[in-house]
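Everything below concerns the one structure shown next.
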Amino acid sequence: TQLLEQSPQFLSIQEGENLTVYCNSSSVFSSLQWYRQEPGEGPVLLVTVVTGGEVKKLKRLTFQFGDARKDSSLHITAAQPGDTGLYLCAGESGAQKLVFGQGTRLTINP
Amino acid sequence: DVKVTQSSRYLVKRTGEKVFLECVQDMDHENMFWYRQDPGLGLRLIYFSYDVKMKEKGDIPEGYSVSREKKERFSLILESASTNQTSMYLCASSFVRPKQYFGPGTRLTVT
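As given, the protein sequences belong to chains A and B, one line each in that order. The opening residue of the first sequence carries number 290 in this note's numbering; numbering runs sequentially from there. The opening residue of the second sequence carries number 18 in this note's numbering; numbering runs sequentially from there.
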């Protein structure tokens, strides 16, 4: 069974600080996705990384896929209160299925 | 925009009741999924379907069944609800692998 371990599970920081969330596995994934989920809503896709070593940027968010395609990170620069939410990584597990990490609940304090 | 709707946002049922959760997508997607989400456990796949009348077990199918009679509709059935099925249930659909579009979720409480 493929597993994805996210860390940290909870993170509370002040506005303007930087942070990194990690997503690790012993399994290789053909692609990895990051979702953000707001309270009372379903997850919304932020980015998909496909190639080992790939880096994608979405404004202040930087996503990286590990060279071996077993891990990924999400870095947020100068966090804003609007970044608050639950961040989920998900690995493509074949046959259109996704394996999700436990999630990182991020709180940005004004 | 893709829209995935779920029949109820909140549901309270009693132990032993039969529960139906319905999901409808409006983008002609082939694939549909049911997950449950519990704190600290992330999303866990219950069942998925690649096409009408087709279904595949996910990681935690015990106590659940599904029905897909029409392409746009995927139903999750709890034959006899139990308290350990209290959870947030999320439906998703996809066309191009592996991007999934999620509904808003149904928070089910079984008392």
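Idealized CB from N, CA, C, for every residue including glycine.
Whole angstroms is fine: what's the gap from residue i's alpha carbon to residue j's?
i: B:Ser-92; j: B:Pro-56; result: 24 Å
i: B:Ser-84; j: B:Met-71; result: 8 Å
i: B:Ala-109; j: A:Gln-303; result: 33 Å
i: B:Met-44; j: A:Ser-382; result: 23 Å
i: B:Leu-95; j: B:Ser-66; result: 17 Å
i: B:Trp-51; j: A:Trp-323; result: 19 Å
i: A:Leu-334; j: B:Pro-121; result: 14 Å
i: B:Arg-53; j: B:Ile-63; result: 7 Å
i: A:Gln-353; j: B:Pro-115; result: 18 Å
Find the nearest neighbour of residue i within the set the options, judged by alpha-carbon distance.
i: B:Val-41; options: B:Arg-90, B:Lys-70, B:Asn-48, B:Met-71; result: B:Arg-90
i: A:Gly-355; options: A:Val-339, A:Asn-307, A:Thr-309, A:Phe-389; result: A:Val-339
i: A:Gly-329; options: B:Ser-104, B:Asp-76, B:Thr-100, B:Ile-94; result: B:Ser-104
i: B:Val-29; options: B:Gln-117, B:Ser-111, B:Gln-102; result: B:Gln-102
i: A:Val-388; options: B:Leu-107, B:Arg-61, B:Asp-45, B:Val-36; result: B:Arg-61
i: B:Gln-117; options: B:Glu-47, B:Tyr-27, B:Pro-78; result: B:Glu-47
i: B:Thr-126; options: B:Tyr-106, B:Phe-112, B:Glu-73, B:Trp-51; result: B:Tyr-106
i: B:Ser-82; options: B:Ser-97, B:Leu-58, B:Phe-112; result: B:Ser-97
i: B:Asp-76; options: B:Phe-37, B:Thr-123, B:Gly-59; result: B:Gly-59
i: A:Leu-375; options: A:Lys-348, A:Ile-397, A:Leu-347, A:Thr-290; result: A:Ile-397
i: A:Lys-359; options: A:Gly-341, A:Lys-386, A:Leu-347, A:Glu-327; result: A:Gly-341
i: A:Leu-347; options: A:Arg-325, A:Gly-392, A:Pro-399; result: A:Arg-325
i: A:Thr-290; options: A:Pro-399, A:Lys-386, A:Gly-392; result: A:Lys-386
i: B:Lys-88; options: B:Tyr-27, B:Met-49, B:Arg-26; result: B:Met-49
i: B:Ser-111; options: B:Val-36, B:Asp-68, B:Phe-37; result: B:Asp-68
Identify, in the order they occur along the chain, each residue of the same chain with its Cβ nearer than 8 Å to the Cβ of residue i, setting aside the five sequence neighbours on each side.
i: B:Thr-128; result: Val-29, Lys-30, Arg-31, Thr-32, Thr-100
i: A:Leu-292; result: Ser-314, Ser-315, Ser-316, Val-388
i: A:Leu-308; result: Leu-300, Ile-302, His-364, Ile-365, Ala-368, Leu-395
i: A:Gly-390; result: Leu-293, Glu-294, Gln-295, Cys-312, Leu-377, Cys-378, Ala-379
i: B:Phe-119; result: Val-21, Leu-107, Cys-108, Ala-109
i: A:Ala-357; result: Val-317, Gly-341
By Cβ distance, which residues of its chain are closer than 6 Å to residue i, with the 5 residues on each side in sequence left out?
i: A:Phe-299; result: Arg-394
i: A:Gly-305; result: Ala-367
i: A:Ser-319; result: Glu-381
i: B:Glu-34; result: Ala-98
i: B:Ser-24; result: Glu-39
i: B:Lys-20; result: Asp-43
i: A:Pro-296; result: For the record, residue 296 of chain A in the displayed sequence is Ser; it is not Pro. Result list for A:Ser-296: Tyr-311, in chain order.
i: A:Leu-350; result: Ile-365
i: B:Val-113; result: none
i: A:Glu-327; result: Gly-374
i: A:Glu-343; result: Phe-354
i: A:Phe-362; result: Correcting the residue identity first, residue 362 of chain A is Ser in this sequence and not Phe. Correct list, in chain order: Thr-309, Tyr-311, Gln-353.
i: B:Arg-124; result: Tyr-27, Met-105
Check the DSSP bridge columns for residue i and list the partner residues they point to.
i: B:Arg-53; result: B:Arg-61, B:Tyr-106
i: B:Ser-92; result: B:Glu-39, B:Ser-84
i: A:Tyr-376; result: A:Arg-325, A:Thr-393
i: A:Glu-294; result: A:Asn-313
i: B:Phe-119; result: B:Ala-109
i: B:Tyr-176; result: Limits of chain B in this structure are 18 at one end and 128 at the other, which puts residue 176 of chain B out of reach.
i: B:Asn-48; result: B:Ser-111
i: A:Ile-302; result: A:Ile-397
i: B:Lys-20; result: B:Lys-20 pairs with nothing; no bridge assigned.
i: A:Glu-381; result: A:Leu-387
i: B:Ala-73; result: The sequence given here places Glu at residue 73 of chain B; Ala does not occur at that position. In DSSP, B:Glu-73 forms a bridge with B:Phe-65.
Among the residues of its own chain, which have a CB less than 7 Å from the CB of residue i, if the five just before and after it don't count?
i: A:Asp-372; result: Ile-365, Leu-395, Ile-397
i: A:Thr-337; result: Ser-320, Gln-322
Suppose only complete runs of 4+ residues qualify. What are the alpha helix (DSSP H) ranges in the stretch 322-364 of chain A, listed by chain order?
none
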